[in-house]
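**Q**
2 protein chains.
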Amino acid sequence: MNVREVTRDDFDCIWPIFHEIVAAGDTYAYPRDTTREQALKLWLDAPRKTFLFEKDGQVLGTYYIKTNQAGPGEHVCNCGYMVASAARGQGLATTMCEHSQEIARELGYKAMQFNFVAASNEGAVRLWNKLGFATVGRLPQAFQHPSRGYVDALVMYKWLEAGA
Amino acid sequence: MNVREVTRDDFDCIWPIFHEIVAAGDTYAYPRDTTREQALKLWLDAPRKTFLFEKDGQVLGTYYIKTNQAGPGEHVCNCGYMVASAARGQGLATTMCEHSQEIARELGYKAMQFNFVAASNEGAVRLWNKLGFATVGRLPQAFQHPSRGYVDALVMYKWLEAGA
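Residue numbers (the working numbering), protein chains in the order written: chain A, 668 to 831; chain B, 668 to 831.
1. With C-beta atoms as the reference, is D693(B) less than 9 Å away from A760(B)?
2. Pick helix, strand or coil for P683(B), following the three-state DSSP scheme.
3. With H, G and I counted as helix, E and B as strand and the rest as coil, what does DSSP make of P739(B)?
4. Give the interface partners of H686(B) over in chain A, defined as CB-CB distance under 7 Å, in chain order.
5. By Cβ distance below 8 Å, which residues in the same chain neighbour L806(A) in space, the five residues on each side in sequence not counted?
6. Looking only at its chain, what residues have a beta carbon closer than 7 Å to the beta carbon of Q768(A), apart from the 5 residues adjacent to it on each side?
7. Going by Cα to Cα distance, which pick from A771(A), H812(A) and P739(A) is closest to S814(B)?
8. Using a C-beta to C-beta distance shorter than 7 Å, which residues of chain A count as neighbours of H742(B)?
9. Using 9 Å as the threshold, is the C-beta distance between V689(A) and P683(A) below it?
10. Given that a residue counts as buried once 16 or more other Cβ atoms are within 10 Å of its Cβ, and exposed if not, what is K825(A)?
11. Evaluate L774(A) with the Cβ neighbour count: other Cβ atoms within 10 Å of its Cβ, from every protein chain shown; 16 or more gives buried, anything less gives exposed.
12. Which bits of chain A does A696(B) rub up against, with CB to CB less than 7 Å?
13. Name the residue from T762(A), R793(A) and A771(A) whose alpha carbon lies nearest to the alpha carbon of E662(A).
14. Do you know offhand how far Y695(A)'s Cα is from C764(A)'s?
15. In this structure, how does DSSP classify L821(B) when only helix, strand and coil are distinguished?
16. For A831(A), does the three-state DSSP call read helix, strand or coil?
17. Just checking my contact of A706(B) with L727(B) at CB under 8 Å: how many whole Å lie between their CB atoms?
18. In whole angstroms, what separates the C-alpha of G804(A) from that of V803(B)?
19. Which residue marks the beginning of the alpha helix (DSSP H) containing K722(B), and which one marks its end?
20. Where E672(A) and R671(B) are concerned, what is the direct C-alpha to C-alpha distance, given to the nearest angstrom?
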C-alpha cells in the first residue's frame, strides 16, 4: 500500500468515498447534501495536510489533519478518516490513525482530539479506545442520527507525547 | 441599555474590546496577535449573527451566535461573549448570555455549547453553571495559559427547549 499527500487532481478518486459516507449522515458533521465543491474545501483546503492510501491505483482511504483550536489551543490537532466501502474490515482505519499520530508528532502537536463522534458509531468508539483515545466528553443529544433520532456525541482525546 | 445587531461600521468600537481580551491570551481560542482584519472575519463574518450592547453611545459588550457543527449537529449553536473592561462586574455577561439563549430559540436551535472554556477562567465557569450550563467534557491540558502553562479546557452544554 502506498501513502502520500493528496493533490487537487486526486479529488476525483476521493469524492465518491466522501459522498457515500457523508450522504449516509450517521458519522460526519457535514450536511448530507454537501457538494463536491464544498467537500474539496472541507477535505483539502481547510486542513493542514490530507493523505491518501492507495493500492493498485485504487484509493482505499483518506484522512486530514488540522489544528483543532487556534491560539491557546493550537498544540491540539484534529483528524478525520474515511475508508472506501470496498476496503472496510481490513484494518485501514487503524493504519490511518497510527499514521496520523506520527504526522501529528512531526508537525509538533501534543494531543489529538475528535470533537464529534456519534455514540451510535460503536465500531469507531471501540477502535479509538483501543488506539489510546479516552472519552473526555459526552454531548447530550448533540447528533441527529438519520434513523435513531438524537443521540449523544462523544469528545475523544489522546495526549501524544511519550511519558505524558 | 440598547441591544442591536452589529454592522461592519460598528467594528471600530468592537475591535478595542476584542483586541484587549484576545491579546491577554487567557480566554479565547484565537491567536494573541489576531489582526483587526482577522477579527472582523471571526466576529462578524463567520457567525450567523453578532449583537452589541451599548449605553450612551458606548459599546459595553458584544456576542456572536453560530452553528456549532454542520449537518447532524446543526441543531446546536455556539456563542462567544466579550465585555468591555470598563463595563465588567455589572452583570452584562449574564444579560448577554440570556439574550443569546432567546435568540438561539428564535433561530430554531435546541442546545448551546461552549467548546473551549479554560478551566482557569473560574468566573466564567461559575457563571455558565449558574445559567444552566453543565460541564459535559474536560480536555486535559488543552489550553495553553500565558502564565499557568497547560490547563484543562471544559466543554459546557445546555439544552434549551423547555421541558427537555
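Backbone N, C-alpha and C fix where the C-beta goes; we use that ideal spot for every residue, glycine too.
**A** Quick answer:
1. As a first step, residue 693(B) must be located in the second sequence, where it is residue number 26. As a first step, residue 760(B) must be located in the second sequence, where it is residue number 93. Annotated as distal: D693(B) and A760(B), with beta-carbon spacing of 9 Å or more.
2. Counting from one through the second sequence, the residue named residue 683(B) turns up at place 16. Looking at P683(B) - three-state DSSP - the assignment turns out to be helix.
3. Here the question's residue 739(B) lines up with position 72 in the second sequence. In the structure shown, P739(B) sits in a helix (DSSP, three-state: H, G or I).
4. Counting from one through the second sequence, the residue named residue 686(B) turns up at place 19. Correct list: empty, because the minimum Cβ distance to chain A is about 13 Å.
5. Within the first sequence, the letter at position 139 stands for residue 806(A). Exclusion of the five residues before and after L806(A) leaves F783, D819, A820, L821 and V822 as the residues of its chain whose Cβ lies within less than 8 Å of its Cβ.
6. One-based indexing of the first sequence puts residue 768(A) at position 101. Excluding positions up to five away in sequence, the list reads M779 and L827.
7. Taking the first residue of the second sequence as 1, we reach residue 814(B) at position 147. Ranking A771(A), H812(A) and P739(A) by Cα distance to S814(B) puts P739(A) first.
8. Locating residue 742(B) in the second sequence gives position 75, where the first residue counts as 1. Going along chain A in sequence order, the residues near H742(B) (Cβ under 7 Å) are Q811.
9. Within the first sequence, numbered from 1, the residue matching residue 689(A) stands at position 22. Within the first sequence, numbered from 1, the residue matching residue 683(A) stands at position 16. For V689(A) and P683(A), no; Cβs fall outside 9 Å.
10. Within the first sequence, residue 825(A) is the residue found at index 158, counting from 1. The residue is buried, with at least 16 neighbouring Cβ atoms inside 10 Å.
11. By 1-based counting over the first sequence, the position of residue 774(A) is 107. The residue in question, L774(A), is exposed, as its Cβ has fewer than 16 Cβ neighbours within 10 Å.
12. Residue mapping note: residue 696(B) aligns to position 29 of the second sequence, counting from 1. Here the neighbours are Q736, A737, G738, P739 and G740.
13. Residue 662(A) falls outside the range modelled here, since chain A spans only 668 to 831, and no answer is possible.
14. Indexing the first sequence from 1 puts residue 695(A) at position 28. Indexing the first sequence from 1 puts residue 764(A) at position 97. Cα to Cα, the separation comes out at about 16 Å.
15. Locating residue 821(B) in the second sequence gives position 154, counting from the first residue. Here L821(B) sits in strand by DSSP.
16. Position 164 of the first sequence, counting from 1, holds the residue named residue 831(A). Unreliable positioning characterises A831(A) in this predicted model, as indicated by a pLDDT of 41, which lies under 50. A coordinate reading is not provided.
17. Position 39 of the second sequence holds residue 706(B). Position 60 of the second sequence holds residue 727(B). Their Cβ separation, rounded to whole angstroms, is 18 Å, which puts A706(B) and L727(B) out of contact at 8 Å.
18. Residue 804(A) sits at position 137 when you count from the first residue of the first sequence. Residue 803(B) sits at position 136 when you count from the first residue of the second sequence. Going from the Cα of G804(A) to the Cα of V803(B) covers about 5 Å.
19. Against the second sequence, residue 722(B) aligns to sequence position 55. For K722(B), there is no enclosing alpha helix (DSSP H); the residue is part of the beta strand (DSSP E) that begins and ends at K716 to K722.
20. In the first sequence, residue 672(A) corresponds to position 5, counting from 1. In the second sequence, residue 671(B) corresponds to position 4, counting from 1. Rounded to the nearest angstrom, the two C-alpha atoms are 46 Å apart.
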